[in-house]
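These notes concern the structure reproduced below.
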Amino acid sequence: MIDKMINLTIDGEPLQVPAGTTLLKAAEKLGINIPRLCYHPNLSIEGACRVCVTQVKGFNHFLTACSQEVWEGMEVQTNSPEIRQARRDIVELLLDNHPRDCQTCERDGNCELQKQAYRLGVRERIFNGARKRIPVDDSGQSVIRTPEKCILCGRCVRVCSQVQGVSNLSQHGRGFHTVVGPANLANMDDSVCIQCGQCVAVCPTAAFLEKDHTERVWEALAMPRDIKHVVVQVAPAIRATLGEAFGLPMGTPVTGKLVTALRRMGFDEVFDTNFSADLTIIEEATEFLSRVQKGENLPLLTSCSPGWVNFLEKFYPEMIKHTSTCKSPMQMMSTLIKTYYAEKKGLDPKDIYVVAIMPCVAKKFEASRPEQAMDDGIPYTDAVLTTRELAWMIKSYGIDFVNLANGEFDRPMGISSGAADIFGTTGGVMEAALRTAVVKLTGEELGPLVFEETRGVTGLKEATLRVNGMDINIAVSNGLTNAKHLLEAVKKGEKQYHLIEIMACPGGCIMGGGQPYPPLDHDPLAPETARIRAKALYDIDAGKQLRRSHENPAIEHLYAEFLGEPNGEKAHKLLHTHYEARMPRGIR
Amino acid sequence: MSHAVANTDNWEAVKAACLEFLPEHIIRYIEQNAKTTHSESQLIAILHMVQSHFGYLGKDQMHSVAQLAQIPFAKVTGVATFYHYFRLQPRGKHIINVCLGTACYVKGADKLAARLMDQLGIQFGETTKDKLFSLESTRCLGTCGLAPVIMVDDQIYGPVSPAEASLILEKYLKKNKGHKTAEASKG
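See below:
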């Protein structure tokens, strides 16, 4: 069916758009960016901030461009003096009820409210009314809530319910006294929050931020070398996104520069989480094959995404048995650093400080899990920095990142296959697992490398692969609302999968809650961003010699020298974990 | 090969915990509605029932409503805090409403309110320690001819002088002579 076309004029310029288009989208076609704060392309229309008001002929009140659909013969003004004044008033009123601490705010320079204030010509504080005073909620291990900075746009509320299906946040009270927070305005720590950090990613201001770990990393780096041996590991998704924070075009891989920057900052060893991603594949593929042989606890669910693991424990405790017991690559790497590496170097694990650079906010919580600590309670991972925090540290240090020479990861835990690189995108863990599992199932030395079925950033993908005379049903989901649909179908017996990959964030780690804020002319977390970042990872994979995890010689060596058999006793003790149902249980 | 999901859900435990907090008729209402489409639209009706049963919406009651009706808890508390009608704190046995509408105000409602606050030792929106009285303010009860007016539960009094307000309080105190001791024996 061809969409009916509508003729209208915007600022005197005629144009034709399909029926149902909003004014905001229509104006974008003419290259006019109407200011917006509550609008987000992935979420429902809220119409809360009123910054996108426009003047339409025949109306003596203003219409919001984000919610108003076009009609035949519509005549729109987006930039008249009255409109400019109205928008300025709106932003001035928002600023009146907002802390005046831009210079010391974490979002200085990439705050959307600040940007709109500048753009609309707010040059002085005209209003001087009452301001809400609400304490900061820093109870969570990952997400910090600062309600004073909230402008009530409702993006976090919508992303939490519509994209993640968690519905932890809601607006409480009314009018001036409205506060966004978990049920009953409880602490984030006591809520059903899964710490995925999508609220942080979509927040236009600093009302949601990750828990700061930079201070403890500076401290560790400043310690004498014989007292603290500081080791860093870098997640796959970082190399595809860090460049954005330094003005490089989206999708520029920066693996080499990243390594050099970390060395310059003073880290003693720079390891690659890719190495343990390969290890995860060996462990998980072994687990998968044994479950297929025994025919029990299928489907197998992946467990790399800590946001998803939190969701599992709070919303789907009955699926715990189906979830892989493998630790996430980050925790596998940290465990190896404080056991294998410490042993090899003759170091006391207590003297090693492990820093993980992650695209993820929930990793901070994962690192603090008591069941993932050493026997004496010391965590395997001491600090988790998000991509944003690392970018800030590099800038703070004064490193000219863009012009750095390329470095290489330290050995042996810096060697990795291309399968590990794609862990950072939705479908990547599945593809990496299939590359190894298919080879093991068929017994042939070379299996297929590219599984197109798993690629693309759509929320839900499924396929059936014919392997060795057997049908393997797979499903890949990102964004937990999609995971919900999948799990409900599995529970009802409507679908029979063998292997399911679940990532909490829409698009996978490349769109994680800890990734750089996009340039101010981009909407945060726009689907196009996911495509570009994913392509960077697939390109890195395609350019590598090693493409399958089990071909990684360093991994083979690790098993021979230290771990023994995949899924063996030692591997199980060090590389696997367990989950438990957590009350309060969330709503499905 | 078995793909069946074993029932290791903690739903039964969650449900049992909820059942302790809500009376049977509300649970029955929620369960009946669960089968209809858009059952979540019954939220306000359910909260009304809870408030008329308990006099207010307690945290445990709201959580139970959320779990049983499968509506996000944050949504439930969001709705409950949005409407002035819903109360989140227990109220006293008797609700005293002081009219602060224009006519009553001109006739000295502020002095009346001050006397009641002084005598009860509470502000507007609060409840006495013995849970006997809650003090509220209201705007115009439509009986301006009787200004200044106070309303205790459903009974209107007017015109009321500060001294007469004390008498009215005494009347209700007398009526509830056993109230305190009953509470004390319970505790």
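Each protein sequence line maps, in turn, to chains S and Y. By the count of my numbering, the first sequence reaches residue 588 at its end, each step adding exactly one. By the count of my numbering, the second sequence reaches residue 775 at its end, each step adding exactly one. Positions of the beta carbon are idealized from the N, C-alpha and C atoms, including for glycine.
- Chain-order list of chain Y residues neighbouring residue 172 (chain S): 665, 666 and 669, by C-beta distance under 7 Å.
- The beta carbon of residue 74 (chain S) sits closer than 7 Å to the beta carbons of 8 and 56 from its chain, once the five residues preceding and following it are set aside; these are given in chain order.
- Chain-ordered, the chain S residues with CB closer than 7 Å to the CB of residue 662 (chain Y) read 167, 168, 169, 170, 182 and 183.
- Taking 8 Å as the threshold, the shortest C-beta distance from residue 647 (chain Y) to chain S falls below it.
- When the alpha-carbon of residue 685 (chain Y) is set against those of Y:721, Y:624, Y:612 and Y:666, the nearest one is in Y:721.
- For residue 161 (chain S), the chain Y residues whose Cβ falls inside 9 Å of its Cβ are 660, 662 and 663, in order along the chain.
- When the beta-carbon positions are compared, residue 361 (chain S) and residue 479 (chain S) stay at least 8 Å from each other.
- Residue 421 (chain S) sits buried, since 16 or more C-beta atoms from the chains shown fall within 10 Å of its C-beta.
- Around the beta carbon of residue 94 (chain S), 16 or more other beta carbons sit within 10 angstroms, so the residue counts as buried.
- No Cβ-Cβ contact shorter than 8 Å links residue 276 (chain S) with residue 301 (chain S).
- Taking the C-beta atoms as reference points, residue 555 (chain S) is found no nearer than 8 Å to residue 272 (chain S).
- The alpha-carbon separation between residue 285 (chain S) and residue 411 (chain S) amounts to approximately 24 Å.
- Per DSSP, reduced to three states, the secondary structure at residue 710 (chain Y) is coil, with no helix or strand assignment.
- Sorting S:147, S:158, S:155 and S:190 by C-alpha distance to the C-alpha of residue 179 (chain S) places S:147 at the top.
- The beta-bridge partner set that DSSP reports for residue 428 (chain S) is empty.
- According to the DSSP secondary-structure assignment, residue 128 (chain S) is paired through a beta bridge with no residue.
- By a beta-carbon distance limit of 8 Å, residue 530 (chain S) contacts residue 510 (chain S). Their separation comes to about 6 Å.
- Between residue 545 (chain S) and residue 486 (chain S), the alpha-carbon positions lie close to 35 Å from each other.
- Rounded to the nearest whole angstrom, the C-alpha separation of residue 67 (chain S) and residue 368 (chain S) is 43 Å.
- In terms of Cβ geometry, residue 365 (chain S) and residue 139 (chain S) do not form a close pair [threshold 8 Å].
- Inclusion of residue 424 (chain S) and residue 508 (chain S) in the CB contact set at 8 Å is warranted, their separation being smaller than that value.
- Here residue 181 (chain S) is buried: its Cβ has 16 or more other Cβ atoms, across all protein chains shown, within 10 Å.
- Secondary structure at residue 765 (chain Y): coil, using DSSP grouped into helix, strand and coil.
- Between residue 88 (chain S) and residue 120 (chain S) a beta carbon distance of about 5 Å is seen, short of the 8 Å cut, so the two are scored as contacting.
- In the structure shown, residue 545 (chain S) falls within a coil segment according to DSSP collapsed to helix, strand and coil.
- Close CB contacts of residue 83 (chain S) within its chain, under the 6 Å cut and outside five residues either way in sequence, are with 55 (chain order).
- With a contact defined as Cβ atoms closer than 8 Å, residue 753 (chain Y) and residue 704 (chain Y) qualify at about 6 Å.
- Separation of residue 765 (chain Y) and residue 682 (chain Y) (C-alpha to C-alpha, rounded to the nearest whole angstrom) is 14 Å.
- Going by DSSP, residue 600 (chain Y) is part of the alpha helix (DSSP H) stretching over 599-607.
- Non-local C-beta neighbours of residue 201 (chain S) in its own chain, meaning closer than 6 Å and more than five positions away in sequence, comprise 513, 524 and 525, ordered along the chain.
- For residue 163 (chain S) and residue 748 (chain Y), the gap between their C-alpha atoms comes out near 57 Å.
- Unbroken beta strand (DSSP E) stretches of 3 residues or longer found wholly inside the region 460-492 of chain S: 460-467 and 470-478, given in chain order.
- Contact annotation: residue 51 (chain S) and residue 10 (chain S) have beta-carbon atoms that are not nearer than 8 Å.
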